[in-house]
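Colleague: In full-length UniProt numbering, the protein residues as written are 1 to 121.
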Amino acid sequence: MEEAPHGCPGADSAQAGRGASCQGCPNQRLCASGAGAAPDPAVEEIREKMKTVRHKLLVLSGKGGVGKSTFSAHLAHGLAEDGDTQVALLDIDICGPSIPKIMGLEGEQVHQSGSGWSPVV
């Protein structure tokens with residue numbers, strides 16, 4: 001992944017692709033066109049579907065191999081111990097083996113339907 005130039009105004013800025021720091025940037029034309037700032041049409045659909053989820057936790061790190069999946073799985077198990085609490089764990093690395101291994105779900109497949117992904121349980 002290429003680094004943004006120092007002083008990059010950002011794709012959402014009115015100066016995107018036009019500032020002095022944009023000169024020579026491989027994304028200059030894309031930023032100047034405004035195409036990079038266009039809203040993702042799925043955002044509103046996701047927002048609507050997530051309305052019913054009261055609490056959301058995001059586990060992330062800028063480095064791999066620090067235990068994000070392990071921590072997330074243990075947190076999900078801990079929260080689910082309360083029988084009245086519904087807990088879901090979504091690992092964005094859907095092809096990665098960590099969560100399926102930790103959760104004992106190796107070989108299971110995520111199924112897509114008209115209403116979205118069906119959870120693997």
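No residue lacks a Cβ here, since even glycine has one placed at the ideal position from N, Cα and C. Owing to the predicted nature of the structure, the values given are computational and were not obtained by experimental measurement.
(1) To the nearest angstrom, how far is the alpha carbon of residue 119 from that of residue 33?
(2) Could you work out which residue in 86, 19, 27, 42 is closest to residue 52 when comparing CA atoms only?
(3) Which runs of the alpha helix (DSSP H) fall wholly inside the stretch 4 to 85 and span at least 4 residues, in chain order?
(4) Could you check what DSSP says for residue 98 in three-state terms: helix, strand or coil?
(5) Just grab the DSSP bridge partners of residue 115 for me.
Modeller: The relevant details are as follows:
(1) 39 Å
(2) 86
(3) 28 to 33, 42 to 50, 68 to 80
(4) helix
(5) Paired residue(s): none; residue 115 is not in a bridge.
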